[in-house]
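Trainee: What follows is a single structure, and I will ask about it in a moment.
Protein chains in written order, with this note's numbering: chain L, 1 to 111; chain G, 1 to 113.
Next up, the structure:
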């Protein structure tokens, strides 16, 4: 069965360190997304991609970057982790009709 | 511009009673509408979707929703709640092509025994 997997599922890091969260999908979807979920803020879009070599900023992109070198993967990098980036991160891919398929989430704690 | 409003942040029902989670939307286009469910420490899972076919949409686990263009609503219902339905529910609107997706703030459903 097709799926979308995130790793690591849990990570603790220190302020200022670089962190990369991996996302891998086998749906063969062109569209991929990274969201963060925080109490009181719901789901907020960080970055998205509509295909290989395409990346776009979402509403909360500061301090984050993504790259898309193939269809399957969209890694999310925190260049210099900050305590405000402690959150649960969700990767998703979508069909052309907008149906989203989510990973299980990556819980990041920045100390 | 698109927007989604979930009218209740929390809904509490007793097991075996009906569930109603309310969602109003605004869209300049013919939207696709979705309901997703999120159980604790899990990702979001699609419950059902409306993409301009039948206005009454049936989803998984006995849920259904009715698209009412005149009322700009897409309320989620279930005839009889089960304890396993306790979760957070998100109403989502998306432009055709999936290029812009807006999430509602979520409604947390509590089910009492």
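Where a beta carbon is used, it is the ideal one built from N, C-alpha and C, also for glycine.
Report yes or no: do three or more beta-carbon pairs, one from the region 72-79 of chain L and one from the region 17-34 of chain L, lie closer than 8 Å?
Mentor: Yes, the region 72-79 of chain L is in contact with the region 17-34 of chain L.
Trainee: With DSSP as the reference, label residue 38 of chain L as helix, strand or coil.
Mentor: The residue given as residue 38 of chain L occupies position 38 in the first chain. Correct three-state label for residue 38 of chain L: strand.
Trainee: In chain order, what residues of the same chain have a beta carbon less than 6 Å from the beta carbon of residue 109 of chain L, not counting five sequence neighbours either side?
Mentor: Taking the first residue of the first chain as 1, we reach residue 109 of chain L at position 109. Within the same chain, residue 109 of chain L has close Cβ partners 12, 86.
Trainee: Along chain L, in chain order, which residues have C-beta atoms closer than 7 Å to that of residue 43 of chain G?
Mentor: In the second chain, the residue the question calls residue 43 of chain G occupies position 43. Simply 90, 102, 103, 104, 105.
Trainee: Interface residues of chain L around residue 59 of chain G at Cβ under 7 Å?
Mentor: Start at 1 with the first residue of the second chain, and residue 59 of chain G comes out as number 59. Result: empty, since nearest Cβ-Cβ is about 12 Å, beyond 7 Å.
Trainee: Taking CB distances under 8 Å as the criterion, tell me whether residue 76 of chain L reaches chain G.
Mentor: Sequence index remark: in the first chain, residue 76 of chain L carries index 76 (1-based). For residue 76 of chain L, the answer is no, since every Cβ of chain G falls outside 8 Å of its Cβ.
Trainee: Name the chain L residues whose beta carbon is nearer than 9 Å to that of residue 49 of chain G?
Mentor: One-based indexing of the second chain puts residue 49 of chain G at position 49. Here the neighbours are 97, 98, 99.
Trainee: Compare the beta carbon distance of residue 32 of chain G and residue 97 of chain L with 8 Å and say whether it is the shorter of the two.
Mentor: Translated into the one-based positions of the second chain, residue 32 of chain G becomes position 32. Translated into the one-based positions of the first chain, residue 97 of chain L becomes position 97. Yes, these two residues count as a Cβ contact at 8 Å.
Trainee: Under three-state DSSP, which class holds residue 85 of chain G?
Mentor: Within the second chain, residue 85 of chain G is the residue found at index 85, counting from 1. The answer is helix: DSSP assigns residue 85 of chain G an H, G or I state.
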